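For the sequence shown, position 81 matches number 80 in numbering that gives the first Met the number 0, and the numbering has no gaps at all.
No residue lacks a Cβ here, since even glycine has one placed at the ideal position from N, Cα and C.
Every value quoted in this text rests on a predicted model; they were computed, and no experiment measured them.
Note sheet for the following structure.
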Amino acid sequence: MKKIFSVFLMLMLGFMVFGFGGTTIHVLYMAQAGYQPSDMIEMGSLFEELTGVKVEYTFVKYDEMHDKIVTSSAVPFGTYDVVLLDLIWTAEFGEKKLVMPLDSYITPKMRKDIPPAILSAFEYKGHIWAMPFLANFQLFFYNKDYIKRAGFDGPPKTLEGLYNQMKVMKEKGIVKYPWADSWNQKEGLVCEYVWLTGAYGGDLLDKDGKPIFNKGAGLKALEFMVKLLKDGLADPASLVMDEPMAKDAFISGNIAFNTNWTFQYGLMNDSKVSNVVGKGVMGLIPVSEEVYKPGYETASVSGFQGLAIPRNSKNQDSAWKFIRFVTAPVVQRAYLKEMPIWKSVQNNTWVRTVDPVMGVKAAEIASCHHRPKVPNYPEFSSILQRYIHLALEMKMTPKEALDKAVEEIKKLH
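This is the structure we're talking about:
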């Protein structure tokens with residue numbers, strides 16, 4: 000099967016199959032959400048077979064990615080030729096010119112086929128700094144068996160309905176903790192907070208870029224998180240969980256609900272690792288009943304990630320060939336565990352047939368709220384993580400924590 004796929008790719012991408020034999024490129028990628036290391040190794044193997052270019056990976060946890068890229072960029076010739084770039088680093092890396100602009104590589108035809116919301120995530124000051132690769136965003140996961148046992152006809156559509164279903168499940172002893180999520184003091188916590196703020200109808204910054212999350216939607220979001228902990232509905236272990244741990248809690252059957260990135264869907268349905276095959280369902284994230292209406296029925300958070308070429312890479316041409324290969328529509332069609340970046344693939348009849356939840360994913364991705372695109376985002380996020388977590392630990396009230404976070408973030412400007 001692999002050989003047939005390789006021959007097919009040679010026909011589809013024949014322009015790539017020459018001129019780079021003997022080269023080795025080094026790729027920095029994460030071992031967490033999104034395409035898994037096994038997927039990337041397989042893609043790299045196919046690329047080497049087609050081009051003769053050897054691919055060596057360094058897989059690290061997401062939270063190590065940023066600093067490794069920055070450190071490698073500080074020397075004349077860096078360690079990496081291709082790096083995974085989170086959309087939240089676009090402004091910083093573009094401002095500091097740590098990576099190469101890719102405008103000359105991305106053709107008008109390619110631009111037309113990538114949804115503007117995805118491509119614009121990697122634009123800063125008129126340049127594109129990474130090629131979109133992973134159209135990651137969060138979705139709602141629920142155990143339909145637990146919902147039925149609790150006496151409900153279907154999944155909740157609002158946060159208030161979600162709270163009520165969890166309360167009944169706990170009272171009936173169906174699960175000890177109906178909810179668990181990645182609330183450890185890392186970037187994932189900010190992601191959870193962003194979608195919840197969106198679920199109450201707001202964003203972290205106003206149109207002028209000023210932080211406003213200490214009131215209105217932002218305050219309600221944190222109060223909801225704290226309430227789940229106080230009422231025994233969220234597993235206290237959430238405070239040390241990352242996304243893979245939250246995934247494990249769901250697919251083991253220990254909880255009834257969570258939100259997570261698209262990678263959880265495939266693992267949820269894998270009988271080798273999951274206890275909820277046929278019971279776990281992926282759907283739209285609920286929003287508060289105060290904002291729920293046609294056109295505002297869900298809210299998510301974007302985790303779009305692109306592939307970038309460090310400015311100090313010695314193999315920039317080979318690096319682009321690799322990027323072009325792994326992001327190609329024909330390759331993304333072969334790895335539908337993740338959302339393809341191309342409209343032509345998302346809307347393809349065959350894809351819609353083999354991926355029955357593509358419609359759900361398309362609806363959710365349209366609801367995405369973005370984390371702030373600011374050059375000092377790492378500092379911004381660090382402050383927000385710290386104070387949200389203090390509130391979750393019950394060491395500060397939500398209002399006290401968010402007021403303090405806004406105060407410190409304003410000093411960054």
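Continuous beta strand (DSSP E) stretch holding residue i: start and end
i	result
D85	81 to 85
Q345	Per DSSP, Q345 belongs to no beta strand (DSSP E); it is in the alpha helix (DSSP H), 342 to 345.
Q315	No beta strand (DSSP E) holds Q315; the alpha helix (DSSP H) holding it covers 315 to 325.
Q137	137 to 142
Any non-hydrogen atom of the ligand SAH closer than 8 Å to residue i Cβ
i	result
K398	Inclusion of the ligand SAH in the displayed structure is not the case, the ligand content being empty and no account of it being possible.
Opening and closing residue of the alpha helix (DSSP H) in which residue i lies
i	result
K413	With the chain covering only 0 through 412, there is no way to say anything about residue 413.
G358	357 to 364
Q164	158 to 170
T22	From DSSP, T22 is part of no alpha helix (DSSP H); its letter is neither H nor E.
G187	186 to 198
G77	Element bounds for G77: n/a, residue is neither H nor E.
K95	89 to 95
M244	242 to 250
P328	328 to 333
F379	376 to 391
L401	397 to 409
M338	Here M338 belongs to no alpha helix (DSSP H), and DSSP marks it neither H nor E.
Environment of residue i [buried if 16+ CB atoms lie within 10 Å]
i	result
V353	exposed
N213	buried
A220	buried
I3	A caution first: I3 carries a pLDDT of 40, below 50, which makes its placement in the model unreliable, though a value can still be read off. Exposed, by the Cβ-count rule.
G215	exposed
R323	buried
A120	buried
S37	exposed
S312	buried
E170	exposed
G282	buried
Residue of the options minimising C-alpha distance to residue i
i	options	result
A365	A90, Q384, K342, E94	K342
N314	T78, L45, F136, G93	T78
G172	K156, G150, L158, V325	G150
P413	Q345, E122, I146, L161	Coverage of the chain is limited to positions 0 through 412, which leaves residue 413 absent and any answer about it impossible.
S380	K271, V174, H65, V276	H65
T57	Q137, R323, V81, S103	V81
W319	Y61, G153, V98	V98
L238	L83, K60, Q384	Q384
A116	Q345, I340, G358, L391	I340
K246	Y192, R110, V280, P210	V280
H126	L101, N142, L138, F139	L101
C-alpha gap between residue i and residue j, whole angstroms
i	j	result
K403	H25	42 Å
V6	E47	A caution first: V6 carries a pLDDT of 41, below 50, which makes its placement in the model unreliable, though a value can still be read off. Approximately 13 Å, taken between the alpha carbons.
L389	P397	9 Å
F17	G201	Low local confidence applies: a pLDDT of 47 at F17 is under 50, so the model's placement there is unreliable, with the coordinate-based value given in what follows. Rounded to the nearest angstrom, the two C-alpha atoms are 51 Å apart.
D85	S299	17 Å
V54	S273	31 Å
M338	A30	18 Å
I113	T348	18 Å
A307	G294	34 Å
Y199	L118	26 Å
E222	I40	42 Å
P154	D207	37 Å
S251	L158	24 Å
E378	Y386	13 Å
Q304	V290	29 Å
K292	K95	42 Å
F262	H369	19 Å
I105	M130	8 Å
P371	L204	7 Å
A327	L133	12 Å
L488	A362	Look at the range of the chain in this structure, 0 to 412, and you will see that residue 488 is not part of it.
E91	V325	25 Å
L10	R351	Reliability of the predicted coordinates at L10 is poor, the pLDDT of 43 falling under 50, and no value is obtained from them.
N346	G265	20 Å
M240	A179	8 Å
DSSP three-state assignment for residue i, whether helix, strand or coil
i	result
I308	coil
N257	strand
M281	strand
H126	strand
L101	coil
F132	strand
P210	strand
S287	coil
V300	strand
L45	helix
A233	strand
M267	helix
V16	Only weak support is given to the placement of V16: the predicted model assigns it a pLDDT of 49, under 50, and the question is left unresolved by the model.
W349	helix
Y34	coil
L238	helix
H65	helix
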